[in-house]
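Colleague: Dumping the structure here so I can ask a few things about it.
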């Protein structure tokens with residue numbers, strides 16, 4: 012949904028929920044143009060059949076998909092490849108694919124999806140699997156030492172500053188854009204994301220934003236709601252913090268163990284951990300009139316030690332001091348909070364990428380499928396205006412969903428640029444993974460990816476696949492609302508961005524452990540380290556790229 | 004030629020002056036080639052001229068050429084003796100190349116500002132990294148932690164000795180216990196940190212945490228506070244490596260002649276006296292070797308920490324290696340990380356030299 016359509020509907024008096032209830036975001040766009048809020052009438056076609064069929068593999072509630080399922084889906088979605096590539100056309104071509112192996116997802120899925128592709132085209136793919144925490148270091152090392160040894164790369168948009176700016180990527184051919192139907196992407200993933208100096212480099216396979224996931228049973232359980240006085244999920248961080256403190260001492264209705272409110276990851280995760288502090292900070296720091304929120308756009312002076320970020324750090328420190336977290340939380344990284352804690356029944360709420368929603372229902376390790384609910388990130392009663400240096404209290408609070416990581420994409424490196432056959436093979440593999448139909452499957456089942464196309468918000472398809480309608484509207488609604496939010500916090504695609512994050516989470520961990528005297532001192536340590544990185548990389552070029560990434 | 008040498012030389016050499024001269028010429032000639040190629044390449048690297056070099060490989064090839072000439076010249080100049088040298092020289096050159104060159108390159112990096120994302124690449128920054136290290140409380144903290152970790156070896160040693168004595172005595176199923184006690188050593192520390200640190204010590208469902216709750220510890224936390232976290236890391240590391248010390252001490256115990264302890268017994272020494280006056284002194288050389296090797300292992304401690312706590316909480320469990328790992332990997336601070344590693348290397352060399360001197364004095368049998 013486009014922001015202007017969203018705003019139009021809001022002005023027309025529709026509630027957010029009603030907009031999303033009516034239809035998928037595409038349907039909402041259509042509805043907006045006709046002035047009614049009706050569901051999109053869909054025409055039955057072979058395409059629909061395929062989409063319905065792949066969603067039956069293995070079926071919601073039938074356990075986690077296996078390699079056989081991934082291969083089956085890959086085989087069924089091979090139509091677009093067969094239309095553009097002759098059988099055996101890439102015989103003798105060998106490609107190297109570098110990606111992640113988190114939770115046995117990502118590359119594990121790609122292997123399965125691409126197996127039928129390899130059988131059909133004759134190409135062979137070699138794999139480099141990386142743990143999430145090792146990803147940045149491996150990529151940076153390859154770039155810095157001139158040893159890029161991969162042809163296809165699973166990469167997030169934040170790294171475009173590190174790669175595209177150095178000429179390491181191959182420009183996407185037009186036929187790929189057509190094959191993957193780029194127009195179907197949600198608004199915020201369209202250019203400039205995926206492009207650099209006007210050239211497109213990215214096949215999207217994911218859309219990223221952090222949403223707020225919480226347990227409904229914490230609002231209905233008599234003991235917990237009695238202690239907290241909360242029966243509707245809080246919508247601001249101030250309320251969430253209060254709620255969290257009051258839950259202390261209660262018992263979890265599912266596990267019978269101690270109950271906890273909001274769970275922050277207090278340990279780093281190769282830079283990715285900083286997103287979780289950002290989740291708190293954006294509400295305070297992302298002013299609707301200012302696109303910049305991490306740095307001052309004109310000077311690259313860090314804002315991470317301004318009163319807004321310090322407040323976010325202070326919030327976490329207050330909860331630590333109140334003993335509101337599980338006892339070993341200081342040692343819990345984001346992977347722990349999501350998979351070992353929230354999905355396994357510890358904690359009443361957390362922020363995470365949207366895929367926690369589909370995992371709650373389809374993963375074998377989840378026990379919260381029936382009680383999980385979702386919304387956009389909490390907001391704040393007040394927002395800090397960096398330009399005036401004053402706190403402001405807007406009506407209805409300030410909300411700023413964090414578009415953390417802007418999604419994974421598949422990129423092709425310039426290693427293949429000189430060899431047309433290899434280049435076509437690499438792009439064909441990338442296009443297969445980013446295909447419209449295949450993507451529906453990846454966002455519906457555990458894959459590490461969340462919805463990123465307008466066509467993913469067609470609730471009927473999800474319902475037909477076995478999802479509960481109310482659940483899916485709630486889950487997908489939180490994603491759509493975040494993507495389309497007018498005050499979304501978009502991260503800068505500048506070189507070294509993960510160094511900034513890694514330093515920040517390292518310093519935060521020290522602050523949370525009491526190594527610094529205060530939240531301000533912790534934030535100052537981060538800011539000092541950020542200034543140093545900026546100087547190392549080159550302030551002038553960083554300012555230029557930061558402005559470009561913000562569209563200034 | 005000494006008498007000893009004659010024993011091993013089969014033929015007497017009759018080497019002409021011209022042959023010797025040729026031998027020296029190829030060594031110096033090839034060395035000149037290396038110097039020339041290196042100079043040209045450096046000139047190109049500095050931007051003075053372009054000789055069309057794509058990589059630094061020509062220097063490498065020139066070095067290999069020089070090494071081959073050096074080997075050949077040994078035979079040319081020294082004949083049969085040279086052939087004997089040839090058995091060792093290529094291997095020695097190879098080892099030197101693999102240690103000296105990286106060390107020199109490492110030194111260059113250590114005095115540079117090198118952020119992997121910087122478009123400018125590596126830049127010399129003098130003593131900046133040293134100053135930064137001097138003012139970095141977290142590096143000093145990691146060094147202090149290393150002292151604690153190393154001191155824990157004394158406790159490990161006592162336990163290992165006790166276990167070795169146990170396994171050396173006539174107990175039932177002795178062979179089974181010997182293998183069983185060795186098992187932890189066979190596990191990778193990474194596996195130990197996942198299986199024990201992340202699974203068994205998991206605070207909700209981990210069996211150890213459940214047991215702790217059953218014992219009355221309401222909220223067991225094994226990595227929550229700095230002291231407990233450091234202790235848990237020590238424990239995991241000790242569990243993995245005590246068997247190593249144990250097996251060395253056990254080997255030493257088995258080498259002690261039975262007559263000695265029997266003689267002590269005849270002389271009326273009790274078990275404690277015979278241990279303290281006979282077994283322990285005889286075991287000192289083995290013990291010191293075991294402890295020294297264990298210290299070397301301990302100084303490299305990183306895998307368990309990186310996997311379990313990433314140095315946390317707040318650097319409380321950081322070892323120097325894990326700290327450098329994060330500095331390099333997360334912050335891409337290659338120059339600073341390398342300097343820290345170099346300083347650590349120097350500290351280790353000095354400390355180990357002193358330790359070995361002291362140990363040498365202790366290990367001498369008491370008179």
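Residue numbers (our numbering), protein chains in the order written: chain R, 12 to 563; chain S, 4 to 370.
Just so it is clear, CB atoms sit at the ideal spot from N, CA and C, and this is done for glycine as well.
Closer than 9 Å, Cβ to any Cβ of chain S: which residues of the region 155-179 of chain R, in chain order?
Modeller: Listed by position, the residues of the region 155-179 of chain R near chain S (Cβ gap below 9 Å) are 155, 156, 172, 173, 176 and 177.
Colleague: In chain order, what residues of the region 219-245 of chain S put their CB closer than 8 Å to some CB of chain R?
Modeller: Taking 8 Å as the Cβ-Cβ cut-off against chain R, the residues of the region 219-245 of chain S that qualify are 222, 223, 224, 225, 226, 227, 229 and 232.
Colleague: Could you spell out where the alpha helix (DSSP H) holding residue 157 of chain S opens and where it closes?
Modeller: In the second chain, residue 157 of chain S corresponds to position 154, counting from 1. Note, residue 157 of chain S: alpha helix (DSSP H), 140-171.
Colleague: Does residue 93 of chain R get closer than 9 Å to chain S when you measure Cβ to Cβ?
Modeller: The count along the first chain starts at 1 and reaches residue 93 of chain R at position 82. Output row for residue 93 of chain R: interface = no.
Colleague: Take residue 133 of chain R as the anchor and find which of R:292, R:112 and R:104 has the nearest alpha-carbon.
Modeller: Position 122 of the first chain, counted from the first residue, corresponds to residue 133 of chain R. Ranking R:292, R:112 and R:104 by Cα distance to residue 133 of chain R puts R:104 first.
Colleague: Give me the chain S residues within the contact set of residue 337 of chain R, using Cβ-Cβ distance strictly less than 7 Å, ordered along the chain.
Modeller: Looking up residue 337 of chain R in the first chain gives position 326. Result: 206.
Colleague: Is there at least one Cβ from chain S nearer than 9 Å to residue 54 of chain R's Cβ?
Modeller: Position 43 of the first chain, counted from the first residue, corresponds to residue 54 of chain R. In this predicted model, residue 54 of chain R has a pLDDT of only 43, less than 50, meaning its place in the structure is not dependable; the value taken from the coordinates is given anyway. For residue 54 of chain R, the answer is no, since every Cβ of chain S falls outside 9 Å of its Cβ.
Colleague: If the criterion is Cβ atoms closer than 9 Å, does the pair residue 106 of chain R and residue 145 of chain R meet it?
Modeller: For the purposes of this step, residue 106 of chain R is taken as residue 95 along the first chain, with counting starting at 1. For the purposes of this step, residue 145 of chain R is taken as residue 134 along the first chain, with counting starting at 1. Not closer than 9 Å, so no.
Colleague: Measuring only the C-alpha atoms, how far is residue 433 of chain R from residue 484 of chain R?
Modeller: Position 422 of the first chain holds residue 433 of chain R. Position 473 of the first chain holds residue 484 of chain R. Going from the Cα of residue 433 of chain R to the Cα of residue 484 of chain R covers about 42 Å.
Colleague: Determine the direct distance from the alpha carbon of residue 277 of chain R to that of residue 242 of chain S, and round the result to whole angstroms.
Modeller: Within the second chain, residue 242 of chain S is the residue found at index 239, counting from 1. Within the first chain, residue 277 of chain R is the residue found at index 266, counting from 1. Distance between the alpha carbons of residue 242 of chain S and residue 277 of chain R is about 28 Å.
Colleague: Identify the continuous alpha helix (DSSP H) that holds residue 482 of chain R and give its terminal residues.
Modeller: Within the first chain, numbered from 1, the residue matching residue 482 of chain R stands at position 471. It spans 480-494 - the alpha helix (DSSP H) in which residue 482 of chain R sits, taken as one unbroken run.
Colleague: Can the beta-carbon of residue 226 of chain S be found less than 9 Å from the beta-carbon of residue 312 of chain S?
Modeller: Locating residue 226 of chain S in the second chain gives position 223, counting from the first residue. Locating residue 312 of chain S in the second chain gives position 309, counting from the first residue. Taking 9 Å as the Cβ cut-off, residue 226 of chain S and residue 312 of chain S qualify as a contacting pair.
Colleague: Out of R:149, R:231 and R:258, state which residue places its alpha-carbon closest to the alpha-carbon of residue 333 of chain R.
Modeller: Stepping through the first chain from its first residue, residue 333 of chain R is reached at position 322. Cα-wise, what sits closest to residue 333 of chain R is R:258.
Colleague: Can you list, in chain order, the residues of its chain whose CB lies under 6 Å from that of residue 286 of chain S, leaving out five sequence neighbours each side?
Modeller: Locating residue 286 of chain S in the second chain gives position 283, where the first residue counts as 1. Here the set comprises 255.
Colleague: Leaving out five residues before and five after residue 192 of chain R in sequence, what residues of the same chain have Cβ atoms less than 6 Å from its Cβ?
Modeller: On the first chain, position 181 is the one that residue 192 of chain R refers to. 447, listed in sequence order.
Colleague: With a cut-off of 8 Å on the beta carbons, I'd call residue 254 of chain R and residue 291 of chain R a contact; round off their distance for me.
Modeller: Taking the first residue of the first chain as 1, we reach residue 254 of chain R at position 243. Taking the first residue of the first chain as 1, we reach residue 291 of chain R at position 280. Not confirmed; about 14 Å, so no contact.
Colleague: State the start and end residues of the unbroken beta strand (DSSP E) segment that holds residue 403 of chain R.
Modeller: The residue given as residue 403 of chain R occupies position 392 in the first chain. Here the beta strand (DSSP E) through residue 403 of chain R covers 401-403.
Colleague: Just to check, is the beta-carbon of residue 262 of chain S closer than 8 Å to a non-hydrogen atom of the ligand MN?
Modeller: In the structure shown, the ligand MN is absent, as is every other ligand, since no ligand is present at all.
Colleague: Closer than 8 Å is the cut-off here; do at least three beta carbon pairs connect the region 457-464 of chain R with the region 260-279 of chain R?
Modeller: No, the region 457-464 of chain R is not in contact with the region 260-279 of chain R.
Colleague: Grab the span of the beta strand (DSSP E) containing residue 221 of chain R for me, first residue to last.
Modeller: For the purposes of this step, residue 221 of chain R is taken as the residue at position 210 of the first chain. Taken as a continuous stretch (DSSP letters only), the beta strand (DSSP E) holding residue 221 of chain R covers 221-226.
Colleague: List the residues of chain R whose Cβ lies closer than 9 Å to the Cβ of residue 317 of chain S, in chain order.
Modeller: For the purposes of this step, residue 317 of chain S is taken as residue 314 along the second chain, with counting starting at 1. 341, 520, 521, 522, 523, 524, 525, 526 and 527, listed in chain order.
Colleague: Which class does residue 309 of chain S belong to by DSSP, given the choice of helix, strand or coil?
Modeller: Taking the second chain and counting its residues from 1, the one referred to as residue 309 of chain S is at position 306. DSSP places residue 309 of chain S in helix when its eight states are reduced to three.
Colleague: For residue 272 of chain R, which of helix, strand or coil comes out of DSSP?
Modeller: Position 261 of the first chain, counted from the start, is the residue given in the question as residue 272 of chain R. The answer is coil: DSSP assigns residue 272 of chain R none of H, G, I, E or B.
Colleague: Give the DSSP-derived three-state secondary structure of residue 314 of chain R in the structure shown.
Modeller: Position 303 of the first chain, counted from the first residue, corresponds to residue 314 of chain R. Looking at residue 314 of chain R - three-state DSSP - the assignment turns out to be coil, as it is neither helix nor strand.
Colleague: Which residue comes first and which comes last in the alpha helix (DSSP H) that contains residue 79 of chain S?
Modeller: The residue labelled residue 79 of chain S in the question sits at position 76 within the second chain. Run containing residue 79 of chain S: 60-81, per the alpha helix (DSSP H) assignment.
Colleague: Excluding the 5 residues flanking residue 23 of chain S on each side, which residues of the same chain have their C-beta closer than 6 Å to its C-beta?
Modeller: On the second chain, residue 23 of chain S is found 20 positions in, with the first residue counted as 1. Hits under 6 Å: 80.
Colleague: Assuming the contact rule is C-beta atoms closer than 8 Å, residue 69 of chain S and residue 95 of chain S should be a hit. Round their C-beta distance to whole Å, please.
Modeller: Position 66 of the second chain holds residue 69 of chain S. Position 92 of the second chain holds residue 95 of chain S. Incorrect: roughly 14 Å between the Cβ atoms, too far for contact.
Colleague: When you compare only the Cα positions, how much space is there between residue 455 of chain R and residue 122 of chain R?
Modeller: Taking the first residue of the first chain as 1, we reach residue 455 of chain R at position 444. Taking the first residue of the first chain as 1, we reach residue 122 of chain R at position 111. Whole-angstrom Cα-Cα distance: 18 Å.
Colleague: At which residues does the beta strand (DSSP E) containing residue 166 of chain R begin and terminate?
Modeller: For the purposes of this step, residue 166 of chain R is taken as residue 155 along the first chain, with counting starting at 1. That run of the beta strand (DSSP E) goes 163-167.
Colleague: If you check the beta carbons only, do residue 216 of chain R and residue 450 of chain R fall under 9 Å apart?
Modeller: Position 205 of the first chain, counted from the first residue, corresponds to residue 216 of chain R. Position 439 of the first chain, counted from the first residue, corresponds to residue 450 of chain R. Yes; because the gap between Cβ atoms is below 9 Å, this pair is in contact.
Colleague: For residue 330 of chain R, count the other beta carbons within 10 Å of its own beta carbon; 16 or more makes it buried, fewer makes it exposed. Which is it?
Modeller: Residue numbering aside, residue 330 of chain R sits at position 319 when the first chain is read from its first letter. Buried, since its Cβ has 16 or more Cβ neighbours within 10 Å.
Colleague: Under DSSP, the beta strand (DSSP E) around residue 174 of chain S begins and ends at which residues?
Modeller: The count along the second chain starts at 1 and reaches residue 174 of chain S at position 171. Where residue 174 of chain S is concerned, there is no enclosing beta strand (DSSP E), given that its DSSP letter is neither H nor E.
Colleague: DSSP beta-bridge partners for residue 105 of chain R?
Modeller: Position 94 of the first chain, counted from the first residue, corresponds to residue 105 of chain R. R:135, per the DSSP bridge assignment.
Colleague: What does residue 148 of chain R reach in chain S if we use C-beta pairs closer than 9 Å?
Modeller: By one-based count along the first chain, residue 148 of chain R stands at place 137. Result: 119, 331, 332, 333 and 335.
Colleague: So, residue 389 of chain R versus residue 250 of chain R, is the Cβ gap smaller than 9 Å?
Modeller: The residue you call residue 389 of chain R lines up with position 378 of the first chain. The residue you call residue 250 of chain R lines up with position 239 of the first chain. Closer than 9 Å, so yes.
Colleague: Of all the CB atoms in chain S, is at least one closer than 9 Å to the CB of residue 558 of chain R?
Modeller: Stepping through the first chain from its first residue, residue 558 of chain R is reached at position 547. Not closer than 9 Å to any Cβ of chain S, the Cβ of residue 558 of chain R fails to qualify, so no.
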